[in-house]
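Taking it in order: structure first as structure tokens, then the write-up.
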Amino acid sequence: MPATVRERNGEPKVLTTMAVIETEGLRKEYRRARRGKTVALDGLDLSVPEGGVFGFLGPNGAGKTTTIRCLLGLIRPSSGRCALLGSQRHVEIAGVIGRVGSIVETPALYPRFSGRRNLELLGRIAGIGRSRVAEVLHQVGLADRADDLVKTYSLGMRQRLGIGAALLKDPELLILDEPANGLDPAGIVEVRDLIRRLGGEGRTVFVSSHILSEVQQTADRVAILSRGRAVAAGPVDEVLSAGRVAGMIAKVDDMPAGLRALQEAGIRAEATDGLLHVELPPGEAAHVTRTLADRGLYLTELRPDAVDLETVFLELTAPPPGTEAASMRGADAAPTHGTET
Amino acid sequence: MSALLATEFLRFWSRRLVRVVAALVILGIVVAGVIVFATQSYDLASLPDVFLGTSFVFVILGWLFGASSVGAEWHAGTVTTLLTWEPRRTRVIVAKATAAVVSVFVLTVLLQLVLGGVLAVDAATQGSTAGTDGAWAAEAAAVGLRVALVSCIFAGVGFGIASIGRNTAAALGVGFGYIVIVENLVRGLRPAWAPWLLTENAGLFLIGDPADFPNLDRSVVEAGIYLAAVATLLLVAAAAQFRVRDVTV
Numbered sequence: 015m016p017a018t019v020r021e022r023n024g025e026p027k028v029l030t031t032m033a034v035i036e037t038e039g040l041r042k043e044y045r046r047a048r049r050g051k052t053v054a055l056d057g058l059d060l061s062v063p064e065g066g067v068f069g070f071l072g073p074n075g076a077g078k079t080t081t082i083r084c085l086l087g088l089i090r091p092s093s094g095r096c097a098l099l100g101s102q103r104h105v106e107i108a109g110v111i112g113r114v115g116s117i118v119e120t121p122a123l124y125p126r127f128s129g130r131r132n133l134e135l136l137g138r139i140a141g142i143g144r145s146r147v148a149e150v151l152h153q154v155g156l157a158d159r160a161d162d163l164v165k166t167y168s169l170g171m172r173q174r175l176g177i178g179a180a181l182l183k184d185p186e187l188l189i190l191d192e193p194a195n196g197l198d199p200a201g202i203v204e205v206r207d208l209i210r211r212l213g214g215e216g217r218t219v220f221v222s223s224h225i226l227s228e229v230q231q232t233a234d235r236v237a238i239l240s241r242g243r244a245v246a247a248g249p250v251d252e253v254l255s256a257g258r259v260a261g262m263i264a265k266v267d268d269m270p271a272g273l274r275a276l277q278e279a280g281i282r283a284e285a286t287d288g289l290l291h292v293e294l295p296p297g298e299a300a301h302v303t304r305t306l307a308d309r310g311l312y313l314t315e316l317r318p319d320a321v322d323l324e325t326v327f328l329e330l331t332a333p334p335p336g337t338e339a340a341s342m343r344g345a346d347a348a349p350t351h352g353t354e355t
Numbered sequence: 583m584s585a586l587l588a589t590e591f592l593r594f595w596s597r598r599l600v601r602v603v604a605a606l607v608i609l610g611i612v613v614a615g616v617i618v619f620a621t622q623s624y625d626l627a628s629l630p631d632v633f634l635g636t637s638f639v640f641v642i643l644g645w646l647f648g649a650s651s652v653g654a655e656w657h658a659g660t661v662t663t664l665l666t667w668e669p670r671r672t673r674v675i676v677a678k679a680t681a682a683v684v685s686v687f688v689l690t691v692l693l694q695l696v697l698g699g700v701l702a703v704d705a706a707t708q709g710s711t712a713g714t715d716g717a718w719a720a721e722a723a724a725v726g727l728r729v730a731l732v733s734c735i736f737a738g739v740g741f742g743i744a745s746i747g748r749n750t751a752a753a754l755g756v757g758f759g760y761i762v763i764v765e766n767l768v769r770g771l772r773p774a775w776a777p778w779l780l781t782e783n784a785g786l787f788l789i790g791d792p793a794d795f796p797n798l799d800r801s802v803v804e805a806g807i808y809l810a811a812v813a814t815l816l817l818v819a820a821a822a823q824f825r826v827r828d829v830t831v
């Protein structure tokens, strides 16, 4: 069923409501002789619709990379299923891999080959010519260093080369695992712009990251992963507002009078830190404005009581109280549930 | 498959280890040629013996190149990158093994040609070429080809072990342990098992005379088939393991 039309390579592309990535009850356990069983994924359910940027968030060890490896057929799930562009089994992945560009963790490329040589070697497998390689090198800002050995590249340059390798196939679906890793602030902005642009072209960009501000700025939808399960998923705004009263922050010169006026009008509000916290959605700002103005009180400030993704993320991924991880969180300890692989 | 195979050949011949070691071997051959030229009158008729005498170098190099061609990929994590382009794992490992084994064969032949060429120059300028007739050429070519075949068989063995262990050092360590410890123990404690030792069969296949290996009780061709079967078995085991094992590097 057609849902949206976006431009890609100058051509209009009709997006459907088809899920390009789907997992259902996806579970992955690693059994190691000394450490016993580690549950990396614990029944993950995920559905990524076609088009736009999908942020895949989670702390270290939540299972983000394991999910990506399952999707790409690099590891086999212990149970459950996962599908990439409709393919479900390893043999079927071969049929769709030409439409998928990916980087998994730090891109692994041949350090003693040049950037150009690396991309040409990969491109040959899919019959991609040198002109496309040159185009991609330019696109990721490595044209000037294309003939230098990869071992002389900085981490950020390697990351950009990895993104270039993922883009080489001109894919419908891009899976990027922590693409901003190792990039300097300028590089992060470049990658953010690139991801936005690619998502706007009708491709689906699936970005795993723990840099929440980046995801908030680029993603249309997010899923938050904690201990191998999705604890929240949906459009960014919905995830941000889930489970909390949408509200506004208001400020007037006479705070007690303002609070009284709102309460007398039946609007729930409280005054803290010199601000009025109004329990009405931002869409009803006019009601607040009118109520106060009718009493001769004029607003000096009115804004949505915004919650950032970081707050939601930390709330949703916090370890259960009383666990070892919870007691260590204050010391920036990593969760102990899973192992990022 | 052909594009993947071509890419794997390109990767093999672009590897620094291959280029540096091949260059060092060529340098060694040239230096040896100069020493021979300066110190003795070389008789080219003994070239087949020279090929036999230097065969262990090529066999070890074959093992090293075979093992490192896949071990280095596991070490660098490039297997993951490759599988995101070609997820059919059997194709990937077959292409890699084929490229390694065939390349080792070609490289061994080329290095022996350089060796033969340098010694031919020595013999022509300050030695003897007497007896270098058609029969000699056929014998030299046969020995050279057998050396190349054993090198590529051991490249397959090294590749198989390195692929299973996902490590070049594992393959080199296993090889060293097997040849130095296992084979010597078998020779000392279970001499009746000698026909199943790799070095015994490799010796028979290289020398080409069953009379030198009476305890093996088999022909030269049978020894070659046995070696090839061992390598094939290891490669099949490596492919089977590669198909099902998680790739987490």
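First to last, the sequence lines map onto chains A and B.
For what it's worth, our numbering labels the leading residue of the first sequence as 15, then goes sequentially.
For what it's worth, our numbering labels the leading residue of the second sequence as 583, then goes sequentially.
Ideal placement from N, C-alpha and C gives every residue a C-beta, glycine not left out.
query                                                                                                                         : result
C-beta neighbour in chain B for S145(A), strict 8 Å                                                                           : no
Contact set between the stretch 660-690 of chain B and chain A, restricted to residues whose Cβ is under 7 Å from the partner : T660, T662, T663, L665, T666, W667, E668, P669 and R670
I743(B) beta carbon less than 8 Å from that of A730(B)                                                                        : no
8 Å Cβ cutoff, S650(B) in contact with chain A                                                                                : no
Buried versus exposed, by CB contacts within 10 Å (16 or more), F633(B)                                                       : buried
7 Å Cβ cut-off: residues of chain B touching S116(A)                                                                          : T666
Option in S222(A), A285(A), R206(A) and G115(A) with minimal Cα separation from T80(A)                                        : S222(A)
Stretch-stretch touch, CB-based, cutoff 8 Å, three pairs: the stretch 650-665 of chain B with the stretch 108-127 of chain A  : yes
Pair within 8 Å by beta-carbon distance, G170(A) and G129(A)                                                                  : no
Per-residue contacts from R598(B) into chain A (C-beta, under 7 Å)                                                            : R126
Identity of the residue in F70(A), A54(A) and G39(A) nearest R235(A) by Cα                                                    : F70(A)
Residues from the stretch 67-97 of chain A in contact with chain B, defined by Cβ distance under 8 Å                          : R83, L86, G87, L88, I89 and R90
Residue environment, E782(B), which counts as buried when at least 16 other CB atoms sit within 10 Å                          : buried
C-beta atoms of P669(B) and A33(A) nearer than 8 Å                                                                            : no
Residue environment, N766(B), which counts as buried when at least 16 other CB atoms sit within 10 Å                          : exposed
Spatial distance of A299(A) from L212(A) (CA atoms)                                                                           : 35 Å
Given F560(B) as reference, the closest of L587(B), R597(B), I642(B) and L629(B) once Cα atoms are compared                   : For residue 560(B) there is no data in the structure shown, the boundaries of chain B being 583 and 831.
Proximity of V683(B) and G738(B) at Cβ, strictly below 8 Å                                                                    : yes
Host beta strand (DSSP E) of F70(A) (start-end)                                                                               : G66 to L71
Whether T672(B) touches A821(B) by CB criterion (8 Å)                                                                         : yes
Through-space distance from T232(A) to T350(A), alpha-carbon basis                                                            : Below a pLDDT of 50, predicted positions are generally treated as unreliable, and T350(A), at 36, falls in that range; no measurement from the model is reported.
Anticipated Cβ contact below 8 Å, V203(A) with L175(A), distance rounded                                                      : The pair is not a contact, with the Cβ atoms about 18 Å apart (cut-off 8 Å).
Interfacial residues, the stretch 774-801 of chain B to chain A, with Cβ spacing under 8 Å                                    : none
Bridge-paired residues (DSSP) for E286(A)                                                                                     : Note on residue identity: the sequence assigns Thr, not Glu, to residue 286(A). Answer by DSSP bridge pairing, in chain order: L289(A).
C-alpha gap between L40(A) and G94(A), whole angstroms                                                                        : 4 Å
Environment of Y312(A) [buried if 16+ CB atoms lie within 10 Å]                                                               : exposed
For E43(A), the three-state DSSP class (helix, strand or coil)                                                                : strand
Minimum Cβ-Cβ distance from L151(A) to chain B less than 8 Å                                                                  : no
Short CB-CB distance (under 8 Å) between R138(A) and chain B                                                                  : yes
R673(B) - containing alpha helix (DSSP H), residue span                                                                       : R671 to Q708
Rounded C-alpha distance that separates T690(B) from S596(B)                                                                  : 17 Å
For E315(A), the first and last residue of its enclosing beta strand (DSSP E)                                                 : L313 to P318
Chain A contact residues for T830(B), given Cβ-Cβ distances below 8 Å                                                         : R83, L88, I89 and T355
Whole beta strand (DSSP E) elements within the stretch 183-257 of chain A, 3-residue minimum                                  : 187-191, 218-223, 235-240 and 243-249
Those residues which DSSP pairs with M262(A) across a bridge                                                                  : V292(A) and P318(A)
P91(A), DSSP secondary structure in three states                                                                              : coil
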